[in-house]
Amino acid sequence: MEIAKFIATYYFSSLGEALGLFMPRRFGNTEQEKNYDIEDVRCYRTYTLPTLSTDQQKAYNSLLKKDKALLFGVTGSGKTEIFITLMAKTIKEGKQCIFLMPEISLTPQMETRLKKYFGERLAMWHSKLTKKRKEEILEKIYEDKIDVIAGARSALFTPLKDIGLIIVDEEHDDSYKSMMKPRYHARDMAVYMGAKLKAKVVLASATPSLSSYYKYDVVRLKKPFIETEKNYYFVEGTQLTNGMVKKLDANFRAGEQSLLFVPTRGNFKYLYCRKCGVTHLCPYCSVGMALHRKARHLKCHYCNFTEAIRTVCTHCGHEPLTSERMGTQEVKEMIEHGIPDMVVEQFDRDSITTAGKLKKALKRFETKESHLLLGTQMLSKGHDYANITLSVILGIDYMLSLADYRARERAMSLLIQIAGRSGRAKSAEIIIQSANKDFFNLYLNDYEAFLKDEMFFVEDMYPPFVSLARILISHVKEEKASKTTLDTVTKLKEFKDVEIVGHGKAPIERIANKFRFNILLRCDKRSLLLKALHAVNNPLIEIDMDPVEFS
C-alpha cells in the first residue's frame, strides 16, 4: 500500500490506478506453504554455477558490498553470469529475485540461459503471455514454487513474498518508462522498492544512462569476456549502397553472418507531394500516414486509422505521391535482388508480432538457415551470436537530430549497442553511415569518456542535475485545450522556484481527433516541483514526471 501511495503521489495517478499495477497477493495457510526443506527444493543445488573470470569475480565481490549499484560492463563482458551468481546466493538465503529486462530483450535465448540454472523455479513474465499462462505462474508463486521472475517492467509488481534482489538489465532503455497512467519508471521504482523492502538493487548496462552513472556507485567491467578485433569504417549518405551490398555478399560467401540496422521499421515512412511538399496526413491526427507496402495500406501509428494507398495529393491534386525514405522492406527487396541465395531474417515489430515468431526467427539464425539479421532497434538488445562478423548501420544521424536533450546520448548508446552484437567470438567489421564521424569516433571504445563529457553539457540544465515535468492537455475542442493550458500556466507562475521552459501546441498537435498542448517545467528541487504540480493538478490535465519523450 505504501508503494502504491508513492506511485499515485509522485506519478500523479489515482490510488486505484497505482494499485492496478500489482498482481493480487493471496494469504493462505502459511504452515502448509512452508512445509518443505528449502535446501532440497532450491534448484541451484542441481547445477554448477557459472565460473567467473577474475574481472567478473571482482565485480561480483564489489556488488555484494553495496545495497544498490550500477554494473557498467562493455557488451560481451559477461554481466549475465554475475546476475546468475547473485541470484543463486539470494535464493540460498531463502529469498526471491526479480530480473527486469526491456520487453525487446525477453528472448528465448535468455530464457534458455536462465532455465539452465533455475529450472522450473524460473518464470518469464511479459505482455505476450496468455491470461491462462499468467494465472498458472501466479498459482506457482502462491505455492512458493518460483524463485526468479524474469520479465518486462510489470514483473516488478508480481506477488513474491520475500524479495531479496532486483536486477534491472539494460537500465538505460526508455521502455522502462510507462507511456500511460501511472507514468512510472520501472528502473526508478526498482530502486525505491529495493530501499522499502531491504532488497539489493543492481542496475546494469553497457551504455548506462547519464542519470544512473551520476547517482549510483559504479562497478566496472572494462573488457569483453572474449577479446576480438573490431574495425570501424564510416561512410556518408542515407541509403543502402551497392558497395554495402557487395560487402554483405562477400561476408556471406565466406560463410559468415551479418547484421544490418535500418532506423525505420517495415515501411514506416510517409507519402509526400513533390509539387506542394505536403505530407499526406491522418485525418484525425497531425501526423503522416505510414506507408505499409507489404500490407498495401496506409496506417496512422497513433490512432490506428487505416486506408488504401493514395496516389493523389489531397492538398493540391498532384499525382503521384512520392516516398523516398528507405524502410526494412525496401532494404530486404534490394538485398534479395542483389544476393538471390542469401536468406534475410527481417527483425522489426511488423514482422515479429508474437513470441513464437521471435523464437523461430532466432532459431533459424542460430542454425545458419538465415544469413542476415535485418531490422530496427530490436537488433540492439539481447541477441548474442558468435558468427556475426559484419554489421552495417544505416542512418544513425537521424537520432542526433531528435528534439530531445538526450539525442547525443541516445545516438551514441544505440550505435555501441548495435556494434556490440558483432565480434562476440571473432574479429568483425562495422560500417557506420554517418556524417558525424568525428563525434562518434571519439567515444566508440570509451562510453565512459562520453558520459563524463556529456555531464558538462547537461549541468544545471537537465537531469540528473535538475528535475523535469511535462504537463499534457488534450481536448476535442482546440479553444478548450488552449484555455486550460493558459490557465495552468497562470497558476504555475505563482511558484517562483519553478521555471516554465515553454508551453504551447504539442509537437504532434492532434491525435485521435483531440487537440494537444503541453507545458515543460524545470526545477532545481524535486520537492518544490511536486508541490507546484499538485497545486495545479486537475482532471483536464495529465502530468508526466521525469519525462523521457518530448515529441
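Quick note on numbering: our numbering labels position 238 of the sequence shown as 238, and the sequence is numbered without any gaps.
Quick reminder that beta carbons are idealized off the backbone N, C-alpha and C, glycines included.
Taking the Cα of Tyr117 as reference, the smallest distance to any Cα among Glu345, Ala88, Tyr385, Thr490 is reached at Ala88. Within the same chain, Cβ atoms closer than 8 angstroms to the Cβ of Ala59 are found at Leu71, Gly73, Ile82, Val219, Arg220, Leu221, the five residues on either side in sequence being excluded. One thing to note: Ile163 has its Cβ within 7 angstroms of the Cβ of Ala199. Excluding five sequence positions before and after Ala425, the CB atoms of its chain that fall closer than 8 angstroms to its own CB belong to Ile226, Thr228, Ala386, Asn387, given in chain order. In its chain, beyond the 5 residues on either side, His297 have a beta carbon closer than 7 angstroms to the beta carbon of Ala308. Under DSSP, Arg293 forms no beta bridge with any residue. Nearest Cα to Thr107 within the set Lys134, Thr354, Ala8: Thr354. Three or more Cβ pairs closer than 8 angstroms define a contact, and the segment 442-454 meets that threshold against the segment 403-419. Excluding residues up to 5 positions away in sequence, Phe157 lie with their Cβ nearer than 6 angstroms to the Cβ of Phe22 in the same chain. Where Phe6 is concerned, the enclosing alpha helix (DSSP H) starts and stops at 2-10.
Beta-bridge partners assigned by DSSP to Arg510: Phe515.
Under the 8 angstroms Cβ criterion, the segment 299-319 does not count as touching the segment 328-343, having fewer than three qualifying pairs.
The segment 487-495 and the segment 529-548 touch, with three or more beta-carbon pairs separated by less than 8 angstroms. Take Ala123, set aside five residues on each side of it, and the residues of its chain with a beta-carbon closer than 6 angstroms to its own are Ile137, Ile146, Ile149, in chain order. Minimum Cα-Cα distance from Glu111 among the listed residues Tyr233, Met289, Leu362, Gly504 corresponds to Leu362. A residue is called buried once 16 or more other Cβ atoms fall within 10 Å of its Cβ, and Lys332 is buried on that count.
Ranked by how close their Cα comes to the Cα of Leu521, the residues Asn513, His503, Pro507 have His503 in first place. Separation of Asp397 and Cys316 (C-alpha to C-alpha, rounded to the nearest whole angstrom) is 32 angstroms. Cβ contact annotation for Ser212 (same chain, cutoff 7 angstroms, sequence separation greater than five): Leu70, Glu171, Leu203, in chain order.
When rounded, the separation of the alpha-carbon atoms in His534 and Val201 is 30 angstroms. In this structure the segment 427-441 does not lie against the segment 467-478, because fewer than three pairs of beta carbons, one per stretch, are closer than 8 angstroms. In this structure, DSSP gives Tyr232 an extended state, which the three-state scheme calls strand. Ranked by how close their Cα comes to the Cα of Arg293, the residues Glu2, Ser413, Leu271, Val287 have Leu271 in first place.
As computed with DSSP, Glu307 is found in a beta bridge with Leu298. The closest CA to that of Gly375, considering only Glu409, Ser413, Glu330, is found on Glu330. With respect to the C-alpha of Ile508, the residue from Ala407, Cys303, Leu260, Ile7 having the closest C-alpha is Cys303.
Burial check for Gln57: the Cβ neighbour count within 10 Å stays below 16, so the residue is exposed. Contact check between the segment 7-18 and the segment 128-136: fewer than three CB pairs, one atom from each, fall below 8 angstroms, which does not count as touching. A contact between stretches requires three or more CB pairs, one per stretch, nearer than 8 angstroms, and the segment 253-262 meets this requirement with the segment 388-408. Distances from the alpha-carbon of Ile141 to those of Trp125, Ala155, Pro159 put Pro159 closest.
Only residues of its own chain outside the window of five on either side were considered, and among them Leu248, Phe252, Gln257, Ser258, Leu259, Leu260, Ile335, Met342, Val343, Val344, Glu345 have a CB closer than 8 angstroms to the CB of Leu372, listed in chain order. The residue from Gly151, Pro547, Asp188, Gly288 with its alpha-carbon nearest to that of Ile511 is Gly288. Counting C-beta atoms within 10 angstroms of its own C-beta, Asp67 has fewer than 16 neighbours from the protein chains shown and is therefore classed as exposed. Residue environment: Thr51 is assigned as exposed (fewer than 16 neighbouring CB atoms within 10 Å of its CB, all protein chains considered). Note that the C-beta distance between Ile167 and Phe99 is below 7 angstroms. Ser482: member of the alpha helix (DSSP H) spanning 478-492, first to last residue.
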